[in-house]
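Quick mapping for you: the protein sequence lines, in order, are chains A and B. First residue of the first sequence: 46, per this note's numbering; consecutive thereafter. First residue of the second sequence: 5, per this note's numbering; consecutive thereafter. The C-beta atom is built at its ideal place from N, Cα and C for all residues, glycine as well. What follows is one structure encoded as structure tokens, with my remarks underneath.
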Amino acid sequence: MGLVEWVAGPWQVGDWMWRGMLTVHMVAIGCAVLGVFLYLRRMSLLADALAHVALPGIAAAFLISGSLDAPVLLTGAVVVGLLSALSIETLASRPNIRSDAAIGIVFTSFFAVGVILLSTVMRDAHIDTECLLFGDVLGVTDQTIWLVVTVVPAVLLLVVLFYRWLAVSSFDPRFAAAIGIPVTLVNYGLMTSVTVTVVAGFEAVGAILVIALIIVPGATAHLLADRLVVMIAIAISHAVASCWLGMYAAIAFNTSAAGAIVVVGGILYLLAFLFAPRHGRLLPKSGGKRRRSGVGDQRAEREGVAT
Amino acid sequence: MNQPAVAVRELRLSYGEEVAVKDAKFTLPAGSLVGVVGPNGAGKSTLIKAIVGAKRPDGGEISIFGDSAEVGRRRMTYVPQRGAVDWDFPITAEEVVRQGRFKSMGLLGRFKKKERRAVEEAMEAVDITDLRHRQIGALSGGQRQRVFLARALAQGGDLFVLDEPFAGVDASTESAIMEVLRRLRDDGKTVLVVHHDLVTVPEYFDELILLNREVVACGPTEDVFTEENLRATYGGRVAIVKGEKAGG
Chain A
46 MGLVEWVAGP
56 WQVGDWMWRG
66 MLTVHMVAIG
76 CAVLGVFLYL
86 RRMSLLADAL
96 AHVALPGIAA
106 AFLISGSLDA
116 PVLLTGAVVV
126 GLLSALSIET
136 LASRPNIRSD
146 AAIGIVFTSF
156 FAVGVILLST
166 VMRDAHIDTE
176 CLLFGDVLGV
186 TDQTIWLVVT
196 VVPAVLLLVV
206 LFYRWLAVSS
216 FDPRFAAAIG
226 IPVTLVNYGL
236 MTSVTVTVVA
246 GFEAVGAILV
256 IALIIVPGAT
266 AHLLADRLVV
276 MIAIAISHAV
286 ASCWLGMYAA
296 IAFNTSAAGA
306 IVVVGGILYL
316 LAFLFAPRHG
326 RLLPKSGGKR
336 RRSGVGDQRA
346 EREGVAT
Chain B
5 MNQPAVAVRE
15 LRLSYGEEVA
25 VKDAKFTLPA
35 GSLVGVVGPN
45 GAGKSTLIKA
55 IVGAKRPDGG
65 EISIFGDSAE
75 VGRRRMTYVP
85 QRGAVDWDFP
95 ITAEEVVRQG
105 RFKSMGLLGR
115 FKKKERRAVE
125 EAMEAVDITD
135 LRHRQIGALS
145 GGQRQRVFLA
155 RALAQGGDLF
165 VLDEPFAGVD
175 ASTESAIMEV
185 LRRLRDDGKT
195 VLVVHHDLVT
205 VPEYFDELIL
215 LNREVVACGP
225 TEDVFTEENL
235 RATYGGRVAI
245 VKGEKAGG
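So this is what it looks like as structure tokens:
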């Protein structure tokens, strides 16, 4: 069997390949773009929290409405997600509470409530916890496909529209406030977008792996990029490459697609970590490490004086 | 010129129980170069934050160009302390300077000729044009400070507020920045600078505010910068500074 046939093969048997690929691309690209901003704001861990907190959100929405429709569950997840983000910020703004602890306390508590709800009052509801946690790329429903093809382009459109606000408030929040950017609103807008995207991605890749799709592309891109637009472009490329390589790896080894995609993403990060032109650990070019080492800083200082 | 750039009355600032600044009262004449000087923990940065709107006063009044602070701040440009940003952020020097135009361009405005010219002029004024494509983390401390000053110049305004612009900066950058600030003053702008080096105070500033939780003295530098006032502001430590000055 030739390579071409092998690559084309899965697309010709039924429609699971294009359905899976479409969904996972949407989720991965949305997560990658938002992940860049979370990474730069040192909020990657918050994505983790929001992904976990979505569980009690979904459970609460089901309890109140009795419905398992995606928009209802999504709304529940967003409301509880924002509630938890608000709690985390309120806690973290206290001088005697550390922000990492605040995140840990709030999201584990919320998540635990979700677990209790699922295992008691909702025992009869058809919520597949395993799917919620680990996803099923090759078995996505029409509803999930519709959800991701509406949510992700909408989120990306918002990022494009508010790009300037997002960029400036991520880089220098005090300056952003001084020129009239509603920094708090931008912050909550970003968190809402993350929650919506994460929940939309649940069925495809699961709550745990969606976290990797948010954090890893941004982290990889940061090793390679000097400009924000470049960083976003690299993060998207990382997401797309992970999807393709991961999907075929999953087919070749007959294993979980979501797992393979995340593993490939991790390998790509490792390659960037080792070989990045500036930050790389194996191939430091002239002037490499400048941004991280004190010695380089002093050299730059001297250059500055000389000019 | 008749309207003061900043007028502060009975201003009181605190963090919870702890009072940072109490009963501050001063006026800054428009078109002057003003220094705010005082020991560590004297409330200099807190006072600046209140003026730029980043800290809510617990009492008192701030007016800017005769208007309420909210209105007056539209004519103000703030250069925060340099420590506030992440130097690993993927952004070039030029992109930072371009941010200075965002206030007037709004969320979706495009960079037109006018904006590009303002950015070019600002970069030329502080001599960073050839560093424009460098990522900011690859710049020295002095170069970084020039970038942030250029962003403020690109933004424009009638009142410039700078928090410790000379901290961690080499001598050539310090004199370059001072030259830019003097030029702004000569153009009729008001410049307010938080400063910590007493030796250069008489040379740098027209007006001076001596602060140690309250305003010890305020007015033209030659009237305010006296040994008596400095001792009242700094306590015993001032003798050392004076000695250095006499020695140099």
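Original post:
Quick one, which of B/V56, B/T237, B/S144 has its alpha-carbon nearest B/L166's?
Top reply: B/V56
Subject >> Euclidean distance between Cα positions of B/D90 and A/L90 >> reply: 18 Å
**OP:** Indicate whether at least one CB of chain B lies closer than 7 Å to the CB of A/L79.
**Re:** no
Subject >> Given B/G161 as reference, the closest of B/L37, B/T81, B/I213 once Cα atoms are compared >> reply: B/T81
Original post:
Are the region 187–198 of chain B and the region 32–45 of chain B touching, with three or more C-beta to C-beta distances below 8 Å?
Top reply: yes
**OP:** Locate the beta strand (DSSP E) running through A/V250, then write down its first and last residues.
**Re:** Judged by DSSP secondary structure, A/V250 falls outside any beta strand (DSSP E) and instead within the alpha helix (DSSP H) spanning 228–269.
Subject >> Cross-chain neighbours of A/V275 in chain B, by beta carbon under 9 Å >> reply: P94
**OP:** Mind checking which residues open and close the alpha helix (DSSP H) that includes B/L143?
**Re:** Neither: B/L143 is in no alpha helix (DSSP H) and is coded neither H nor E.
Subject >> Coil, strand or helix - A/V200 by DSSP >> reply: helix
Original post:
By the criterion of Cβ-Cβ separation under 7 Å, what are the contact partners of A/I224 in chain B?
Top reply: F106, K107
Subject >> Separation of B/R138 from A/I279, as counted between CA atoms >> reply: 19 Å
Original post:
When burial is assigned at 16 or more other CB atoms within 10 Å of the CB, is B/G70 buried or exposed?
Top reply: Exposed, by the Cβ-count rule.
Original post:
Between A/A94 and chain B, is there a C-beta pair that is closer than 7 Å?
Top reply: no
Original post:
Is A/M62 helix, strand or coil when you go by DSSP?
Top reply: helix
Original post:
Under 8 Å Cβ-Cβ, which residues of chain B neighbour A/R209?
Top reply: F106, L111, L112
Subject >> Test: A/A73 CB closer than 7 Å to a CB of chain B >> reply: no
**OP:** Measure the CB-CB distance between A/I161 and A/T68 and report whether it falls below 7 Å.
**Re:** No, these two residues do not count as a Cβ contact at 7 Å.
Original post:
Count the other CB atoms within 10 Å of the CB of B/L32; is the residue buried (16 or more) or exposed (fewer)?
Top reply: With 16 or more other Cβ atoms within 10 Å, it is buried.
Subject >> Neighbour flag for A/F318 against chain B, beta carbons, 7 Å >> reply: no
Original post:
When you compare each of A/I148, A/V125, A/P55 to A/I296 by their alpha carbons, which one comes out closest?
Top reply: A/P55
Original post:
Within 7 Å (strictly less), CB to CB, does A/A270 reach chain B?
Top reply: Yes, A/A270 counts as interfacial toward chain B.
**OP:** Any chance you could list the alpha helix (DSSP H) runs of at least 4 consecutive residues sitting entirely within the region 96–176 of chain A, in chain order?
**Re:** Runs of the alpha helix (DSSP H) inside the region 96–176 of chain A: 115–137, 144–164.
Original post:
So is A/W210 buried or exposed if we call it buried at 16+ other beta carbons inside 10 Å?
Top reply: buried
**OP:** Please say whether A/G126 and A/G102 have beta carbons closer to each other than 7 Å?
**Re:** yes
Subject >> CB-CB length for B/G47 against B/L215, believed under 8 Å >> reply: In this structure B/G47 touches B/L215 by the C-beta definition: roughly 6 Å separates them, less than 8 Å.
Original post:
Around the C-beta of A/Y314, are 16 or more other C-beta atoms found within 10 angstroms, so that it is buried, or is it exposed?
Top reply: buried
Original post:
When the cut-off is 7 Å and only beta carbons count, does A/F216 lie next to chain B?
Top reply: yes
**OP:** Determine, using beta carbons only, whether A/R219 comes closer than 7 Å to chain B.
**Re:** Yes, its Cβ sits closer than 7 Å to a Cβ of chain B.
**OP:** Rounded to whole angstroms, what's the CA-CA distance from B/S144 to A/I306? Just pull it up for me.
**Re:** Approximately 40 Å, taken between the alpha carbons.
Subject >> With 16 other Cβ atoms within 10 Å as the buried cut-off, status of A/S331 >> reply: Residue confidence for A/S331 is low, a pLDDT of 44 falling below 50, so the modelled location carries little weight and cannot support an answer.
**OP:** Look at B/G104 and B/R155 and say whether their C-beta atoms are less than 7 Å apart.
**Re:** yes
Original post:
With a CB to CB cut of under 8 Å and the five nearest residues on each side skipped, what residues in its chain are close to A/I281?
Top reply: I74, A77, V78, P262
**OP:** Go to A/G310, then tell me how far its alpha helix (DSSP H) extends in each direction, as first and last residue.
**Re:** 302–320
Subject >> Nearest-angstrom Cβ-Cβ length linking A/V98 and A/F156, presumed shorter than 8 Å >> reply: 6 Å
**OP:** Can you tell me the Cβ-Cβ gap for B/A180 and B/D131, rounded? I've got them flagged as a contact below 8 Å.
**Re:** 6 Å
Subject >> N-terminal and C-terminal residue of the alpha helix (DSSP H) that B/M80 is part of >> reply: It is not in any alpha helix (DSSP H) - B/M80 instead sits in the beta strand (DSSP E) that spans 80–83.
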